[in-house]
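Colleague: With positions in the sequence shown counted from 1, the corresponding number in our numbering is that position plus 52. The beta carbon of each residue, even a glycine, is placed where N, CA and C say it ideally should be. Bear in mind that the values here come from a model prediction, so they are computed numbers and not experimental data.
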Amino acid sequence: MLRIFVCTSHLSAVFMTHYATRTRHSACRDVLIIDIGVRRASVVRAIREVATLHPWSILLNLSDEATEDHAFQPSLSRRLIRQWKEAPLVRDVYGALLKWHQRRYDQRMAALLKTRLGLSGEETTTAIHIHTECQIARALLMILPGSEVHYFEHGQGDYIYQGRAGLPQGTFHALFAAPFRRYLEAQGRSSAHVQDLGLGTDLHAFSQRLLELHGVRTPETMADARPVVFVLLEALDMYNVPEGFWGAYMDRVIDDLERPRDHLFVLKPHPNQSPPSLAHTLSRLRERGIDHLLLAGEDAGISAEVGFAAWAPRVRHVYCIVSSACFYLSALYPDDRITYHYSLDLLGAHIGQAPPMYTRLFRRMQPLITEVFAEHCVPY
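Dropping the structure here:
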């Protein structure tokens, strides 16, 4: 049986590798593909390290590797396209051009994949494991029609886009399977396709293997023994948030704590964190006199969900804005000593200039956060 897995991040590689190992049998031929897109070299390196835990027959990297200082914020032309592509006189023309481009691209990608994967066209039993926003899904289904389709979550978008028109039907493997089934059923929608991600009781041991594999620095090597506030930084430039937003985030976190200077702030940047957002964040922490540690360099490519295992014994608070990682951590590391915080209000107050597509996205994520993800989190 040919099983193809397409990952986009360190976390998705972890989920897929864990699943592939748990469900593999002797007849399986497993392939791991890193999806197209720009990724920092540290992320690609982390994915490759995770891949060593499973006997993949092929590891194919389709991504463009960027340096650690790559600027991920949208360019002026990208911002203008996002702002104007839904205007009445532009929408239909843009949509037609996009479909034309996608058809040509899918044909080229299908030919490339068939060659790089050594497909004969006679494969009889195939399964494709992807995310809802997988960039090569259409091309894979062109060359492997009739494949089983399995969707894996790695963020809120995989929940938001379930059931989207034109999305091939398939099983959805979800960490928040039970609350998501309730959410769908309350809307009168079928939840039969939703299955538990199945991380099992061996997750802690698996995380420890990953920490050793990646050489993640543990707090025991540091002289500072203060309790930790684990702060998740986020890639929100697509909302066109104002420059002052990043400092406002730090102010909200600091002001929410009773004695903020009694803690060490450990900052986990998003893999696509823009340099300006990071610079403004660090500047505000220095202005407020907050001691902090930035997880940069090799640590930058490690997902928060894995790297957190090294810090969890010392963490007392986890803060985010709307980061999926905070909700994952609350489910993966339940601990009465740790409080998980999120703030829909903070983002909502700063997206007045967001393109329409992202305003809609924010509206769609709100009920999912409150009804599905945030059971063990508190708003601030």
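#1: Taking only the alpha-carbon atoms, compute the straight-line gap between Q436 and H122 and give it to the nearest angstrom.
#2: Just the C-alpha distance for R92 and L227, rounded to the nearest angstrom, thanks.
#3: Which ranges would you report for the alpha helix (DSSP H) in the region 341–381 if only whole runs of at least 4 residues count?
#4: Extract the residue ranges of the alpha helix (DSSP H) inside the region 113–164, only unbroken runs of 4 or more that lie entirely within it.
#5: Kindly identify the DSSP beta-bridge partner or partners of D248.
#6: Using DSSP bridges, identify the partner residues of P328.
#7: Could I get the ranges of all uninterrupted alpha helix (DSSP H) runs contained in the region 277–342, with 4 residues as the minimum, in chain order?
#8: Roughly how far, in whole angstroms, is the beta-carbon of A191 from the beta-carbon of D158, given that I think they are within contact range, below 8 Å?
#9: According to the Cβ coordinates, are M68 and H181 closer than 8 Å?
#10: Throw me the rounded Cβ distance for the Q325 and A287 pair, which I believe falls under 8 Å.
#11: Just curious, the beta strand (DSSP E) that H428 is in, first and last residue?
#12: To which residues does DSSP link Y392 through a beta bridge?
#13: In the DSSP output, what is D82 paired with across the bridge?
#14: Let me know if M409 comes out buried or exposed under the rule of 16 or more other beta-carbons within 10 Å of its beta-carbon.
#15: Please name the residue, chosen from K151, I188 and A277, that lies closest to I86 on a Cα-to-Cα basis.
#16: Can you name, in chain order, every residue of its own chain whose Cβ lies under 6 Å from the Cβ of L111, other than the five neighbours on each side?
#17: On the three-pair Cβ rule with 8 Å, is the region 331–346 touching the region 234–251?
#18: Provide the residue span of the beta strand (DSSP E) that contains I182, from first to last.
#19: Quick one: what's E200 bridged to in DSSP?
#20: Is V90 helix, strand or coil by DSSP?
#21: In three-state DSSP terms, what is L63?
#22: Quick one: give me the first and last residue of the alpha helix (DSSP H) that I195 is part of.
#23: Once the 5 residues before and after Q247 are set aside, which same chain residues still bring their CB inside 8 Å of it?
Modeller: Taking the geometry as given:
#1: With the chain represented from 53 up to 432, any question about residue 436 goes unanswered, as that position is not in the structure.
#2: If I take the Cα positions, the gap works out to 26 Å.
#3: Listed in chain order, the alpha helix (DSSP H) elements of length 4 or more contained wholly in the region 341–381 are 356–363.
#4: Counting only unbroken stretches of 4 or more residues, the alpha helix (DSSP H) elements lying wholly within the region 113–164 are 128–136, in sequence order.
#5: Looking at the DSSP assignment, D248 forms a beta bridge with A226.
#6: BP columns for P328 are empty, so no partner.
#7: Given a length threshold of 4 residues, each whole run of the alpha helix (DSSP H) inside the region 277–342 is given here in chain order: 297–308 and 327–339.
#8: Going by Cβ atoms, the distance from A191 to D158 rounds to 5 Å, so yes, they are a contact pair.
#9: Yes, Cβ-Cβ distance for M68 and H181 is below 8 Å.
#10: A Cβ-Cβ distance of about 6 Å is found for the pair Q325 and A287, placing them in contact under the 8 Å criterion.
#11: For H428, no beta strand (DSSP E) run applies, since DSSP gives it neither H nor E.
#12: Answer is V370 and C429.
#13: In DSSP, D82 forms a bridge with R55.
#14: By the neighbour-count rule (16 or more Cβ atoms within 10 Å), M409 is not buried but exposed.
#15: Nearest option by C-alpha distance: I188.
#16: Closer than 6 Å at Cβ, skipping near neighbours: L84 and A103.
#17: At 8 Å Cβ cutoff, the stretches do not touch.
#18: That run of the beta strand (DSSP E) goes T178 to I182.
#19: Note: E200 sits in a beta bridge opposite A179.
#20: In the structure shown, V90 falls within a strand segment according to DSSP collapsed to helix, strand and coil.
#21: Residue state, collapsed to three classes: helix.
#22: Counting along the chain, the alpha helix (DSSP H) containing I195 begins and ends at A189 to I195.
#23: T223, F224, H225, A226 and A229.
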